[in-house]
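Chemist: For reference, the structure I am asking about is given below.
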Amino acid sequence: MNFSLKILLVFIFAMPVLAMDFSLQHPEDLKEQYTLELLKALRAVHDLEKWEFTDKVHIDKTAIPHSHPILTLHARHGRKNQKDMLLSTYLHEQIHWLTDENIESTNLAIGKLKIAFSKVAVGFPEGARDEDSTYLHLIVCYLELKALGDYLSESRVKTVLEFWKKDHYTWIYHQVELHQDLIAKIITESGLTLGDKTHVSSKN
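For the sequence shown, the positions run -19 to -1, 1 to 185 when mature numbering (1 follows the signal peptide of the UniProt record, and there is no 0) is used.
Printed below as a string of C-alpha cells:
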C-alpha cells in the first residue's frame, strides 16, 4: 500500500460520523449482515449527515423499504456492485423524514405540483399508493437524485435513475427526469430546503 493511499484511508476512517442505531430483523441472515456492512462503509466514505434526518435504521430482508416509524431497508442491494442503489434507497427514506418534519412547506409544494401535474400515475409500478403519495414522491425522488449527485458522478446517478425508471415509481422518476427544473423551482419556492440542519430525529 503506497503512502498516499494510507493517508487517504486514515482520513476516511477518521472522519466524524454521526452515531446511528442500527438493527437487523434477522441477525443471523447473511444478506442483512452484508447490507448493514455496506451501508456502514458508505457512511464512512461519504459525509451523509446533511441528508440524514433520523438516527434509527433497521434492515429487514422481507420488508419493502419505508421511512416510518423506523427507517427500514431491505437486503436487495447488499453486494458491493450495488452500493449506488443502496445509497439511493437510504437517501430516499431519509428524505421522507425531511418532508415529514417540514410538513407545511411540503404541503405547499404538493399544492403547486397538483397544478403543474393535473393527472398523475397511481399504483405500482408507475406511481405511489394514492394521488397524494405520488405528488409527495415527485418531491422525494427529485431530492433523492439531488442528494445522490452530492456523492456520485453524473453518469452513476444516471445509471441509478435508469434502473429506477424500470423498477418502481417508474412514472415518477420519468417526470423527475423530464421536469427537474420545474420541480426544483416548486420545491425552492415552497421553502422546502435543508436549512440550518443541526440535529437528527430520534422519534419512535
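We put the beta carbon where it would ideally sit given N, CA and C, even for glycine.
Hey, residue 23 and residue 35: beta-carbon distance below 7 angstroms or not?
Modeler: Counting from 1 along the sequence shown, the entry for residue 23 is found at position 42. Counting from 1 along the sequence shown, the entry for residue 35 is found at position 54. No, the Cβ-Cβ distance between residue 23 and residue 35 is not below 7 angstroms.
Chemist: How many Å lie between residue 135 and residue 61 at the Cα?
Modeler: In the sequence shown, counting from the first residue as 1, residue 135 sits at position 154. In the sequence shown, counting from the first residue as 1, residue 61 sits at position 80. Distance between the alpha carbons of residue 135 and residue 61 is about 19 angstroms.
Chemist: Roughly how many angstroms lie between the CA atoms of residue 167 and residue 94, to the nearest whole one?
Modeler: Counting from 1 along the sequence shown, the entry for residue 167 is found at position 186. Counting from 1 along the sequence shown, the entry for residue 94 is found at position 113. Those two C-alpha atoms are separated by around 7 angstroms.
Chemist: In or out: residue 183 buried (at least 16 other Cβ within 10 Å) or exposed?
Modeler: Working through the sequence shown from its first residue, we reach residue 183 at position 202. Residue placement at residue 183 cannot be trusted, given a pLDDT of 46 that sits under 50; what the coordinates show is reported in the next sentence. Exposed, by the Cβ-count rule.
Chemist: Using the rule of at least 16 other Cβ atoms within 10 Å of the residue's Cβ for burial, across every protein chain shown, is residue 41 buried or exposed?
Modeler: Counting from 1 along the sequence shown, the entry for residue 41 is found at position 60. Buried is the call here.
Chemist: Would you mind sorting residue -12 into buried or exposed? The rule is 16 or more other CB atoms within 10 Å of its CB.
Modeler: Position 8 of the sequence shown, counted from the start, is the residue given in the question as residue -12. Bear in mind that the predicted position of residue -12 carries a pLDDT of just 43, short of 50, making it too unreliable to give a figure here.
Chemist: Expressed to the nearest angstrom, what Euclidean distance is found between the alpha-carbon atoms of residue 138 and residue 79?
Modeler: For the purposes of this step, residue 138 is taken as residue 157 along the sequence shown, with counting starting at 1. For the purposes of this step, residue 79 is taken as residue 98 along the sequence shown, with counting starting at 1. Cα-Cα distance, rounded: 21 angstroms.
Chemist: Per the DSSP calculation, residue 37 is bridged to which residue(s)?
Modeler: Your numbering for residue 37 matches position 56 in the sequence shown. DSSP lists 2 as partners of residue 37.
Chemist: Just to check my reading of the structure: residue 54 and residue 70 have Cβ atoms closer than 8 angstroms, yes? What is that Cβ distance to the nearest angstrom?
Modeler: Against the sequence shown, residue 54 aligns to sequence position 73. Against the sequence shown, residue 70 aligns to sequence position 89. That pair is a contact at about 6 angstroms.
Chemist: Report, in whole angstroms, the separation of the C-beta atoms of residue 97 and residue 163, which I expect to be a contact under 8 angstroms.
Modeler: The residue labelled residue 97 in the question sits at position 116 within the sequence shown. The residue labelled residue 163 in the question sits at position 182 within the sequence shown. Contact holds; Cβ gap of about 6 angstroms.
Chemist: Mind reading off the beta-carbon distance from residue 187 to residue 77? Whole number of angstroms is fine, and I expect it under 8 angstroms.
Modeler: Residue 187 is absent from the structure shown; the chain starts at -19 and stops at 185.
Chemist: For residue 54, report the span of its beta strand (DSSP E) as first-last.
Modeler: Residue 54 sits at position 73 when you count from the first residue of the sequence shown. Taken as a continuous stretch (DSSP letters only), the beta strand (DSSP E) holding residue 54 covers 52 to 54.
Chemist: Grab the span of the alpha helix (DSSP H) containing residue 92 for me, first residue to last.
Modeler: Start at 1 with the first residue of the sequence shown, and residue 92 comes out as number 111. Residues 84 to 97.
Chemist: Hey, residue 132 and residue 27 are a contact pair by Cβ (cut 8 angstroms); roughly how many whole angstroms apart?
Modeler: Within the sequence shown, numbered from 1, the residue matching residue 132 stands at position 151. Within the sequence shown, numbered from 1, the residue matching residue 27 stands at position 46. The pair is a contact, with the Cβ atoms about 5 angstroms apart (cut-off 8 angstroms).
Chemist: Using C-beta distances below 6 angstroms, list every residue in its chain close to residue 4, excluding the 5 sequence neighbours before and after it, in chain order.
Modeler: As a first step, residue 4 must be located in the sequence shown, where it is residue number 23. Closer than 6 angstroms at the Cβ level, and outside the excluded window around residue 4, lie 39.
Chemist: Strictly by DSSP, which residues pair up with residue 118?
Modeler: In the sequence shown, residue 118 corresponds to position 137, counting from 1. In the DSSP output, where bridge partners are listed per residue, residue 118 has none listed.
Chemist: So the alpha helix (DSSP H) residue 151 belongs to, where does it begin and stop?
Modeler: Taking the first residue of the sequence shown as position 1, residue 151 is located at position 170. That run of the alpha helix (DSSP H) goes 151 to 159.
Chemist: Tell whether a beta-carbon distance below 7 angstroms holds between residue 151 and residue 106.
Modeler: Numbered from its first residue, the sequence shown carries residue 151 at position 170. Numbered from its first residue, the sequence shown carries residue 106 at position 125. Cβ distance < 7 angstroms, so residue 151 and residue 106 count as in contact.
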